[in-house]
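Right, one structure below, let's go through it.
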Amino acid sequence: YMGHFLSVYFFSPHPPARPASGMATSSEMECPPDLVGRVIGAKGGTINAMQECSGGARIQLDQKVPEGTPVKVSVTGSQQQVQLALYFLNDCIQGGVCRNGNGVRECYSRLQQQQQQLQQQLQQQQQQQQLQQQIQLQQQQMLLQLQQQPPPQPAASGFAPPPAQL
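Each residue of the sequence shown is one higher than the one before, counting from 1203 in our numbering.
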């Protein structure tokens, strides 16, 4: 039963992309044997979605383990790919959103939205900092200009005080 699902995955016509940087990293985790089917998904849909949404991490399950023993899951790719794949795998095993291919894609979409929101917040903070710096610079320039100007002299007016009354 398990071998059938794994063969669907291992002979997939679209193998995951290799890390672009050439700097591959790997990590391993264990999967309870009764949850291997969930991780793989129908026709490999869940595991393929994890690989796709992680940006191309390669996820492999070691099928050569005694029955009832946790299955070793190996994840290979760039550091970011591996981190995303491990996140999806852990969520799937714990019965979270990533328990099927559509859930993985939904989770990935949420992560992208959160990342975009954080980037927008960061850009806004940077813009505010730049504005504050510009205001401080203008204030300093105005202060320097005021310091360089001679102090105002009392204006001589043609006005004479009224004569003193006796």
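Idealized CB from N, CA, C, for every residue including glycine.
Taking the C-alpha atoms as reference points, what is the distance between residue i and residue j?
| i | j | result |
| --- | --- | --- |
| Lys-1266 | Pro-1272 | 11 Å |
| Gln-1331 | Val-1241 | 46 Å |
| Lys-1350 | Leu-1333 | What sits at residue 1350 in the sequence shown is Gln, not Lys. Their Cα atoms are separated by approximately 26 Å. |
| Gln-1316 | Pro-1353 | 56 Å |
| Cys-1300 | Ser-1311 | 12 Å |
| Ile-1249 | Gln-1329 | 41 Å |
Tell me whether residue i sits in a helix, a strand or coil according to DSSP, three-state version.
| i | result |
| --- | --- |
| Gly-1239 | helix |
| Val-1267 | coil |
| Gly-1297 | coil |
| Met-1225 | coil |
| Gly-1279 | strand |
| Gln-1351 | coil |
Excluding the five sequence neighbours on either side, which residues of its own chain have a C-beta within less than 7 Å of the C-beta of residue i, listed in chain order?
| i | result |
| --- | --- |
| Ala-1251 | Gly-1303, Val-1306, Arg-1307 |
| Met-1231 | Val-1275, Leu-1288, Leu-1291 |
Please classify residue i as buried or exposed, where buried requires at least 16 neighbouring CB atoms within 10 angstroms.
| i | result |
| --- | --- |
| Ile-1337 | exposed |
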